[in-house]
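Read the structure below first, then the notes.
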Amino acid sequence: MTDDAVNALRAAQERYATERAKRIRPDGLDQYVLLDGQHEQFDRDPYADPDFARESIVEDTDAVILGGGFSGMLTAVELGRRGVESYRMIEKGGDFGGTWYWNRYPGCRCDVESYIYMPFLEETGYMPTEKYATAPEIFEHCQRIGTHFGLYEHALFQTEIETAAWSDDEHRWLITTTRGDQLRARFFVAAGGLLHKAKLPGIPGVGSYTGRTFHTARWDYAFTGGSPTEPMTELADKRVGIVGTGATAVQLVPQLARDAAEVFVFQRTPATVAVRRNGPTDEQWFRSLQSGWQTERMRNFTAAVSGEQPSPCLVDDGWIDLMWDNLQQRVDSPEEQKELDLLDFEVMQRLRDRVDAMVDDPATAEKLKPWYGKHCKRVCFHDEYLPAFNEPNVHLVDTDGAGVAEVGTGGPIVDGSVYDVDLLIFASGFEVTTPVVRRLGFDPVGRGGVTLSERWADGAHTLHGNQTAGFPNLLFVAIAQASSSSNFVHFITEATAHVAWIVASSLEDDVVAIEPEPEAEDEWLQFLWRKAAEGGDYMATCTPSYFNGEQGMSEQLARSVVYPGNVSGYADHLARWRAEGGTTGVRRLHASQEE
Ligand code: NDP
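For the sequence shown, the working numbering assigns the number 418 to the initial residue and increments by one for each residue that follows.
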């Protein structure tokens, strides 16, 4: 490594530390508020039929699945594949889709390649139109999956679970809903998704703002005009403010730039915006793919973005460019660590240079540059976001790491200036690392009347991230103590197959109650912590985000550790557990033991 490189790296690391320090807040996760109580209007479903009504049902099933997004749908499909046909799906929204039901903001797409992100392309025969599909196309695919696999007949839409309690006498979960349903189920699968609970920064004065305001996951086309695919005609004479510059804002700002009279982008931390290079699907290539290609491509992508450098590398895109040399590579010496730090710095410097190349005004460009490591926040991919700041109607309001700290009746107030806007959009993200019960919206009651929030008062206790002691037959599709991925659908695919296996094999073996031994949970956590410690302390150097619990420190957050390595490694671990019979570390009560 040359002296120049060492000096450049050192200077960048100092800048990273300065920028990080500006953003550390004593309130950490508590800076955000849920869309309930006084903020309830932010959570109203603008898409569902408000007059929807149906009869309550009383039913006994093998499984109740919470969630009709990808996690819920894949759980249902996997259950069906294993012969379990008696199940109910409970979904708050008016249709399948989850993320893709809620996120209908203009410009919304998935920047993970559609060929590995959209599930069941082989089974449904669907060919995505583009490498990075639009939200409407993915939402439509959710309905295709629902129809193809016969999921609609199992679904209760516009319905939320109110209570769920385990009955040790009946070996059933007793579940009630907001529509008066009473369900008894042998298994209860919580598959509510990762990014389903929208959050707002608790900025003083938001409640006093008199203009129109909403979260990006509840888009109000009645106010903006247009649709996900048509210009927002009602904004032509409007001043619009947007709080947040994450992956959502990166997709949305160019659309606002196109349609609104004035756009004010309130920035706390600049996003990292890499090249997207979208394009239509090559039909000849797509039709030439051999059976099993989608699973192979998913695993290959996961390997490529975790530093395993597979050959061949099947996906050619920005994720690969950025993640080919990943920190998850085992580092055995300080010299190797320095090499890795330098590679990280070079990637980030390329992206900072991209800002200079795309943004005309040097002062604006400077403010749009990200000063943190490439794994600190989710990288975004877009080719129109940065050029939007060249438009005369788009104004960057940089808060130098402080964020918008006050909103008046007319709009945000920054450095004493009031920005009067007709519409204030919150692109402020979703709850990820907050306690699970807060995200579920109800508190499951396990054996002996113990609630999940009591059992998990100090954070998650699980075996493999999907079972917890004291709550027999409750299964989670969630990332804490499980795994995660740049292609979240890969994680969901593996996690739901595992959960469905537990349900089906238990039913087959007449197991009426299955739950982990507390000792096995402790061993699992110790294993995750040991492995995480080997991976170094990268996240501690990062600017706050949901990746690191806003840099908060608590046992709760420490217990939200995920499997170190990648989803394929996690899936292999689970596969070994299943191959050994799925009995290690769990108590299984058979029907015959009850007699
Ligand atoms: P994020 O949590 O990524 O971003 C929230 C934004 O709000 C951040 O820029 C944050 O700043 C900002 N913010 C919070 N409080 C304030 C404040 N008081 N003043 C100013 N700004 C504030 O949410 P997103 O909805 O953008 O993305 C969430 C996730 O959704 C992504 O990480 C990704 O996983 C997924 N997604 C995926 C897409 C895809 O293409 N696959 C597209 C869109 C989203 P700060 O950074 O300082 O915290």
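Every residue gets a Cβ at the ideal spot worked out from N, C-alpha and C, and that includes glycine.
When the distance is taken between beta carbons, is L739 closer than 8 Å to K791? Within the sequence shown, the letter at position 374 stands for residue 791. Within the sequence shown, the letter at position 322 stands for residue 739. In this structure, L739 lies closer than 8 Å to K791 by Cβ.
Run through DSSP, which three-state label would R993 get? Sequence index remark: in the sequence shown, residue 993 carries index 576 (1-based). Helix at R993.
Please classify N424: is it buried, with 16 or more other beta-carbons within 10 angstroms of its beta-carbon, or exposed? Taking the first residue of the sequence shown as position 1, residue 424 is located at position 7. N424 comes out exposed.
Could you name the residues of the same chain whose beta carbon sits closer than 7 Å to that of V835, not counting the 5 residues immediately before and after it, in chain order? Stepping through the sequence shown from its first residue, residue 835 is reached at position 418. Here the set comprises G825, G827, G828.
Expressed to the nearest angstrom, what Euclidean distance is found between the alpha-carbon atoms of I842 and L924? Numbered from its first residue, the sequence shown carries residue 842 at position 425. Numbered from its first residue, the sequence shown carries residue 924 at position 507. Looking at the two C-alpha atoms, the distance is approximately 48 Å.
Assuming L840 contacts K616 (C-beta within less than 8 Å), just tell me the rounded distance between them. Position 423 of the sequence shown, counted from the start, is the residue given in the question as residue 840. Position 199 of the sequence shown, counted from the start, is the residue given in the question as residue 616. With 8 Å as the limit, L840 and K616 do not qualify as a contact, their Cβ atoms being about 19 Å apart.
Can you give me the Cβ contacts of M973 inside the same chain, cut-off strictly under 6 Å, excluding the 5 residues immediately before and after it? The count along the sequence shown starts at 1 and reaches residue 973 at position 556. What sits at residue 973 in the sequence shown is Gln, not Met. Around Q973: G876.
If you compare alpha carbons, which of E570, A608, T958, L945 is closest to G486? Indexing the sequence shown from 1 puts residue 486 at position 69. The candidate whose alpha carbon is nearest that of G486 is A608.
Taking C-beta to C-beta, are L612 and I909 nearer than 8 Å? Taking the first residue of the sequence shown as 1, we reach residue 612 at position 195. Taking the first residue of the sequence shown as 1, we reach residue 909 at position 492. No, they are not a contact pair.
I'd like to check one pair, P648 with G820: are the Cβ atoms closer than 8 Å? Looking up residue 820 in the sequence shown gives position 403. Looking up residue 648 in the sequence shown gives position 231. Taking 8 Å as the Cβ cut-off, G820 and P648 do not qualify as a contacting pair.
When you compare only the Cα positions, how much space is there between S962 and C793? Indexing the sequence shown from 1 puts residue 962 at position 545. Indexing the sequence shown from 1 puts residue 793 at position 376. Looking at the two C-alpha atoms, the distance is approximately 8 Å.
DSSP-derived helix/strand/coil call for F566: Residue 566 sits at position 149 when you count from the first residue of the sequence shown. Looking at F566 - three-state DSSP - the assignment turns out to be coil, as it is neither helix nor strand.
Out of S488, I482, N520, I441, which one is the CA nearest neighbour of A844? Counting from 1 along the sequence shown, the entry for residue 844 is found at position 427. Ranking S488, I482, N520, I441 by Cα distance to A844 puts N520 first.
Under the three-state DSSP convention, the category P645 falls into: Translated into positions along the sequence shown, residue 645 becomes position 228. Reduced to three states, the DSSP call for P645 is coil.
Tell me, to the nearest whole angstrom, how far the beta carbon of G1002 is from that of A937; I am working on the premise that it is less than 8 Å. Counting from 1 along the sequence shown, the entry for residue 1002 is found at position 585. Counting from 1 along the sequence shown, the entry for residue 937 is found at position 520. Indeed, because the Cβ distance is near 3 Å, the residues count as touching under 8 Å.
Shorter than 7 Å, the distance from the beta carbon of S531 to the closest heavy atom of the ligand NDP, or not? In the sequence shown, the residue the question calls residue 531 occupies position 114. It does not: the Cβ of S531 is nowhere closer than 7 Å to a heavy atom of the ligand NDP.
Measuring CB atoms only, is the stretch 953-960 touching the stretch 778-790, in the sense that at least three cross pairs come out at less than 8 Å? yes
Nonlocal neighbours in the same chain, by C-beta distance under 7 Å from K755, ignoring five residues either side: Locating residue 755 in the sequence shown gives position 338, counting from the first residue. Answer for K755: M418, listed in chain order.
Tell me whether L760 sits in a helix, a strand or coil according to DSSP, three-state version. As a working mapping, residue 760 is identified with position 343 in the sequence shown. In the displayed model, L760 falls within a helix according to three-state DSSP.
Contact check, R498 vs T478, beta carbons under 8 Å: For this step, residue 498 is matched to residue 81 along the sequence shown. For this step, residue 478 is matched to residue 61 along the sequence shown. No, Cβ-Cβ distance for R498 and T478 is not below 8 Å.
Find the nearest neighbour of I919 within the set L942, S902, P935, V894, judged by alpha-carbon distance. As a working mapping, residue 919 is identified with position 502 in the sequence shown. Of the listed residues, the one whose Cα sits closest to I919 is V894.
Same chain only: Cβ atoms within 6 Å of L1006, ignoring 5 sequence neighbours per side: Here residue 1006 refers to the residue found at position 589 when the sequence shown is read from its first residue. Result list for L1006: V929, A930, in chain order.
I'd like to know if the stretch 680-689 and the stretch 535-548 are in contact, where contact means that at least 3 CB-CB pairs between them fall below 8 Å. no
Check Q726 in the structure and name its three-state DSSP category. The residue given as residue 726 occupies position 309 in the sequence shown. Looking at Q726 - three-state DSSP - the assignment turns out to be coil, as it is neither helix nor strand.
Please work out which residues of its chain come closer than 8 Å, Cβ to Cβ, to E700, disregarding the five sequence neighbours upstream and downstream, and give them in chain order. The residue labelled residue 700 in the question sits at position 283 within the sequence shown. Contacts found: M544.
Name the one or two DSSP bridge partners that F605 has. Taking the first residue of the sequence shown as 1, we reach residue 605 at position 188. The partner list for F605 (beta bridge, DSSP) reads V481, L891.
Could you pull the start and end residues of the beta strand (DSSP E) that F487 belongs to? In the sequence shown, the residue the question calls residue 487 occupies position 70. It is not in any beta strand (DSSP E) - F487 instead sits in the alpha helix (DSSP H) that spans 487-498.
8 Å Cβ cutoff met for F798 and D528: Position 381 of the sequence shown, counted from the first residue, corresponds to residue 798. Position 111 of the sequence shown, counted from the first residue, corresponds to residue 528. In this structure, F798 lies near D528, with their beta-carbon atoms less than 8 Å apart.
Counterpart residues of C797 in DSSP-defined beta bridges: As a position in the sequence shown, residue 797 is number 380, starting the count at 1. Answer is V690, bridged to C797.
Just verifying my parser: in three-state terms, what is the DSSP assignment at S705? Within the sequence shown, the letter at position 288 stands for residue 705. Of the three classes helix, strand and coil, the one that applies to S705 here is coil, per DSSP.
Return yes when at least one heavy atom of the ligand NDP lies under 7 Å from the C-beta of R440, else no. For the purposes of this step, residue 440 is taken as the residue at position 23 of the sequence shown. Result yes, Cβ under 7 Å from the ligand NDP.
Any heavy atom of the ligand NDP closer than 7 Å to the beta-carbon of C527? For this step, residue 527 is matched to residue 110 along the sequence shown. Yes, the beta carbon of C527 sits closer than 7 Å to at least one heavy atom of the ligand NDP.
With a threshold of 7 Å (Cβ to nearest heavy atom), would I842 be considered close to the ligand NDP? Here the question's residue 842 lines up with position 425 in the sequence shown. Not so, every heavy atom of the ligand NDP lies at least 7 Å from the Cβ.
Going by Cα to Cα distance, which pick from T576, V814, A721 is closest to T595? As a position in the sequence shown, residue 595 is number 178, starting the count at 1. Minimum Cα distance to T595 is reached at T576.
Can you give the Cα-Cα distance for E495 and S488, rounded to whole angstroms? On the sequence shown, residue 495 is found 78 positions in, with the first residue counted as 1. On the sequence shown, residue 488 is found 71 positions in, with the first residue counted as 1. Their Cα atoms are separated by approximately 11 Å.
Around the C-beta of E587, are 16 or more other C-beta atoms found within 10 angstroms, so that it is buried, or is it exposed? The count along the sequence shown starts at 1 and reaches residue 587 at position 170. Per the 10 Å Cβ criterion, exposed.
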